[in-house]
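Novice: The structure follows.
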Amino acid sequence: EVRKAKEALRQIALLFSLLRDYQPVDSITQILAADDDAKIDAICMLDPGTGYLPPSYGVPNVSLSEPPTLGAKLFPGSLAKGEARMVETGRILKLDLIDGGSGYVETPEVQISAPPGDGTNKKVQATAKAVLGKGK
Numbered sequence: 015e016v017r018k019a020k021e022a023l024r025q026i027a028l029l030f031s032l033l034r035d036y037q038p039v040d041s042i043t044q045i046l047a048a049d050d051d052a053k054i055d056a057i058c059m060l061d062p063g064t065g066y067l068p069p070s071y072g073v074p075n076v077s078l079s080e081p082p083t084l085g086a087k088l089f090p091g092s093l094a095k096g097e098a099r100m101v102e103t104g105r106i107l108k109l110d111l112i113d114g115g116s117g118y119v120e121t122p123e124v125q126i127s128a129p130p131g132d133g134t135n136k137k138v139q140a141t142a143k144a145v146l147g148k149g150k
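Here the sequence shown is numbered in our numbering, starting from 15 and rising by one per residue.
Right, here's the structure in full:
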């Protein structure tokens, strides 16, 4: 039954793509994203950055971009969430994936908040990438 439903979604998306005057691109994207229902499997640190404060002062915010199905009425997706793990020296040790989200069709961008400060000391913002996996 699930396989038939997924095939029906793909067929509907294909039929919509044949329309000449009205191309419901957002709707097609949401239908295909709901069918794929990909989630984030991991967040990989590319550069831990420098100039962050010790964790007792708070940890940097980690956010991922929204899936195309977020807020959709028929096939709602969910936002992936990550969290920074710090060492006492203020360096980011690793990034934990708290929630893989759902409804992704491509790898989202990962944003890590910049180190605090007035710019007098050398500070480098951390960077990371998400690893897209398969949903259901």
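C-beta atoms are modelled at their ideal positions from N, C-alpha and C, and glycine is treated no differently.
Keep in mind that this is a model prediction, so the values were computed, not measured.
Rank LEU23, ARG105 and GLY96 by C-alpha distance to the C-alpha of SER70 and give the top, closest one.
Specialist: Nearest C-alpha to SER70: ARG105.
Novice: Is the beta carbon of PRO62 closer than 7 Å to that of ALA142?
Specialist: No, they are not a contact pair.
Novice: Can you name the start and end residues of the beta strand (DSSP E) that ARG99 belongs to?
Specialist: Unbroken beta strand (DSSP E) run through ARG99: 95-100.
Novice: Just to confirm the assignment, what range does the beta strand (DSSP E) spanning SER76 have?
Specialist: The identity of residue 76 in the sequence shown is Val, whereas the question assumes Ser. Its beta strand (DSSP E) spans residues 76-78.
Novice: What residue range does the beta strand (DSSP E) around THR141 cover?
Specialist: Unbroken beta strand (DSSP E) run through THR141: 141-146.
Novice: Give the DSSP-derived three-state secondary structure of SER116 in the structure shown.
Specialist: Of the three classes helix, strand and coil, the one that applies to SER116 here is strand, per DSSP.
Novice: When the distance is taken between beta carbons, is VAL145 closer than 7 Å to LEU109?
Specialist: Not a contact, by the Cβ cut-off of 7 Å.
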